[in-house]
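Here's the structure, in structure tokens; my notes come after.
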Amino acid sequence: MNKLRQKYLQKWLRAQQKPIKKLMGANIALATLSALILVAQTYFLATLLDKLIMQNVPRNELIPYFLGLITGFALRAVILWAREKIGFQCGRKLRSHIRQKILDKIHLVGPATINQKPAGSWASIMLEQVENLHNFYARFLPQQSLSAIVPIVILIAVFPLNWAAGLILMITAPLVPIFMILVGIAAADSSQKNMDTLARLSAQFLDRLRGLETLRLFNRTAEQTQHIENSTEDFRKTTMDVLKLAFLSSAVLEFFTSVSIALMAVYFGFSYLGQLDFGSYSAPLTLFSGFFCLILAPEFYQPLRDLGTYYHDRAAGIGAADAIVDFLEADYLTVRQNEKTIPIKTASERTIEISAENLVVLSSHGTALTKPLTFHIAANQNVALVGQSGAGKSSLMNAILGFLAYEGSLKINGQELRESNLADWRKHIAWVGQNPLLLQGTIKENLLLGDIQANDEEIERALARSQAKDFIDKLGLEYKIKDGGLGVSVGQAQRLAIARALLRKGELLLLDEPTASLDAQSENLVLQALNEMSRRQTTLMITHRIEDLKQCDQIFVMQNGEIVQQGDFATLRNEGFFAELLAQRQQDIQ
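Here it is, written out as structure tokens:
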């Protein structure tokens with residue numbers, strides 16, 4: 001990662017501080033107060049030593065100093081506790097803020113774009129990489145301010161007593177940040193490589209875990225295990241590189257601060273022996289001033305040492321921010337959200353009519369996914385999309401859903417979709433895909449997903465029409481489905497998704513291979529239910545089972561991104577590309 005990129009990422013990280021500015025200010029203010037209390041504590045301690053050793057003052061006269069010292073310790077402990085809590089709150093709030101920005105961008109680009117990367121990569125960005133930003137805000141940024149404030153407070157306290165001691169502190173202090181900068185350049189590169197390796201490992205592991213059954217069937221588990229082992233070894237090496245830099249820099253920082261403190265101790269030692277006679281403004285050098293400066297010397301370097309420790313949090317933050325910023329600032333081509341709602345009639349006339357003229361569906365990068373498409377779907381029509389894989393069926397479906405941008409015209413009830421409120425438009429759509437999504441929760445909660453309002457009688461009717469009632473009667477509506485749909489079979493999940501679509505009562509029904517996971521008997525019963533449902537709403541269905549399309553009002557036959565045929569089953573069955581598909585389908589069945 002070059003320096004310009006590092007600077008840009010650090011600038012971006014700082015720009016995210018707005019939600020926590022007050023908390024950061026409170027953290028720095030408390031730390032400054034702690035530094036002032038530290039100076040007062042040091043004064044009490046140096047005075048006690050001077051009075052006990054040099055002046056032989058009775059101990060009962062020193063009680064106020066002892067009380068001041070104890071009070072200082074207690075106050076600094078409370079302030080440290082408060083700062084830790086504030087720092088944690090800063091990190092937690094920023095993580096939530098950045099995760100929300102990522103989720104908003106994911107929502108904007110839509111599933112068509114998200115599916116281009118493995119799920120593990122998105123999980124890595126949302127979890128590990130955002131998590132690695134925590135210490136940047138909780139520790140590094142507050143410490144960066146304190147590394148300037150605390151030394152200045154101590155210099156103000158030391159200089160009036162001994163200018164030589166103050167000068168030693170001033171001259172040696174820059175050695176620490178200079179070395180931190182040199183180490184930080186390499187540390188950011190190592191952290192960024194570590195984050196990239198972790199993202200790849202997460203993606204590979206999650207995808208292999210999901211496909212474990214397929215890998216076992218094809219006897220490829222050993223090969224994939226070796227692949228993951230190699231990726232794990234790469235991650236181990238990059239992690240050790242980061243740790244190596246961390247330990248190396250910590251050791252060198254300790255060396256510089258120890259030499260600086262030793263230099264001051266040598267100065268005071270020779271001064272007390274009478275070998276040096278400067279620094280105390282021509283006044284006699286007292287035990288008080290020597291102890292005061294020597295006690296504060298380690299505290300002068302402590303904020304810089306802490307900054308050196310937290311400097312790796314900066315490097316980790318920059319490394320994690322690289323992938324986050326790449327996604328957030330990537331110029332995806334999306335359908336913009338507008339305020340105009342699509343006109344849909346009320347009561348019994350709630351219908352959807354779709355028309356397209358020279359419609360070209362575009363990918364998120366602006367690439368044309370289809371050729372110009374012109375078609376019309378009348379209200380309450382049942383239309384099927386057929387064609388080989390890659391013909392453009394799913395791209396057209398995603399454009400109608402508002403997930404892909406387009407050129408040309410795509411109108412819903414006479415209004416251009418790109419000028420419409422997409423969130424409102426999707427409320428009128430019922431969707432059943434090839435791989436239905438079931439979330440962790442009860443069957444009833446999954447049936448009512450998407451704020452569906454339905455009573456028990458309507459749920460029972462929908463389950464019966466989707467051929468799901470038999471197994472639901474055995475399991476019960478309160479049966480818990482685990483994460484990923486575990487607990488029900490693929491066919492049962494498909495029937496629940498169809499029941500959910502029936503309950504949604506959308507004016508447009510979009511079906512993408514809705515019976516792909518069902519046996520022949522269930523498929524016929526479900527298709528019958530969907531056919532009944534489609535009579536009361538506009539339906540667009542993607543299917544490969546073209547022998548069952550006799551009930552469709554229209555069939556759009558797609559090939560290489562264009563609609564090559566339109567018509568009903570009787571018209572198309574003996575001509576063109578549809579006849580070829582039908583013959584191929586019948587041959588496959590046999």
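Numbering (the working numbering), first residue to last: 1 to 590. The beta-carbon is built from N, C-alpha and C at its ideal position, and this holds for glycine as well. Quantities reported herein were computed from a predicted structural model and do not represent experimental measurements.
- The beta carbon of residue 562 is closer than 6 Å to those of 371 in its chain, skipping five residues each way along the sequence.
- The distance from the Cβ of residue 355 to that of residue 332 is about 27 Å, inconsistent with a contact at the 8 Å cut-off.
- Residue pairing by DSSP places residue 406 opposite 361 in a beta bridge.
- For residue 430, the beta-bridge partners assigned by DSSP are 509.
- Apart from the 5 residues on each side of it in sequence, residue 303 sits with its Cβ closer than 6 Å to the Cβ of 146, 147, 150 in its chain, given in chain order.
- By the neighbour-count criterion, in which 16 or more other beta carbons inside 10 Å mark a residue as buried, residue 291 falls on the buried side.
- Taking the Cβ atoms as the reference, residue 479 lies roughly 5 Å from residue 443, within the contact range of under 8 Å.
- When the alpha-carbon of residue 144 is set against those of 63, 309, 489, 521, the nearest one is in 309.
- Straight-line spacing of the CA atoms in residue 282 and residue 56 works out to 25 Å.
- Of the candidates 429, 484, 461, 484 places its Cα closest to the Cα of residue 441.
- Considering only 102, 78, 163, 320, the residue with the shortest C-alpha distance to residue 191 is 320.
- Bounds of any alpha helix (DSSP H) do not take in residue 219, whose DSSP letter is neither H nor E.
- Per the DSSP secondary-structure output, residue 480 pairs in a beta bridge with 442.
- In this structure, the beta-carbon distance from residue 317 to residue 140 falls below 8 Å.
- Approximately 5 Å separates the beta-carbon atoms of residue 264 and residue 168; this is inside 8 Å, confirming the contact.
- Taking 8 Å as the cut-off, the beta carbon of residue 127 is found no closer than this to the beta carbon of residue 94.
- Annotation note: the stretch 375-424 contains the following uninterrupted beta strand (DSSP E) runs of length 3 or greater, listed N- to C-terminal: 382-386, 406-412.
- According to DSSP, residue pairing for residue 355 in a beta bridge involves 376, 411.
- Contact between the stretch 109-117 and the stretch 38-47 is absent, with fewer than three C-beta pairs closer than 8 Å.
- Between the C-alpha atoms of residue 81 and residue 299 there is a straight-line separation of about 19 Å.
- In this structure, the straight-line span from the alpha carbon of residue 515 to that of residue 432 is close to 9 Å.
- Judged by their CB atoms, residue 136 and residue 314 are nearer to each other than the 8 Å cut-off.
- Taking C-beta separations shorter than 8 Å and ignoring five residues to either side along the sequence, the partners of residue 50 in its chain run 286, 287, 288, 291, following chain order.
- DSSP, read as helix, strand or coil, puts residue 93 in helix.
- If you check the CB distance, residue 550 and residue 328 do not come in under 8 Å.
- The DSSP-derived three-state label of residue 575 is coil.
- Contact between the stretch 17-33 and the stretch 65-73 is absent: fewer than 3 CB-CB pairs across the two stretches fall below 8 Å.
- Secondary structure of residue 540 (DSSP, three-state): strand.
- Around the beta-carbon of residue 63, fewer than 16 other beta-carbon atoms lie within 10 Å, marking it exposed.
- Here the alpha carbon of residue 542 sits roughly 6 Å from the alpha carbon of residue 513.
- Apart from the 5 residues on each side of it in sequence, residue 9 sits with its Cβ closer than 7 Å to the Cβ of 318, 321, 322, 325 in its chain, given in chain order.
- Taking C-beta separations shorter than 7 Å and ignoring five residues to either side along the sequence, the partners of residue 36 in its chain run 153, following chain order.
- Our two residues, residue 254 and residue 195, have alpha carbons roughly 28 Å apart in a direct line.
- Taking every protein chain shown into account, the CB of residue 53 has fewer than 16 other CB atoms within 10 angstroms, so this residue is exposed.
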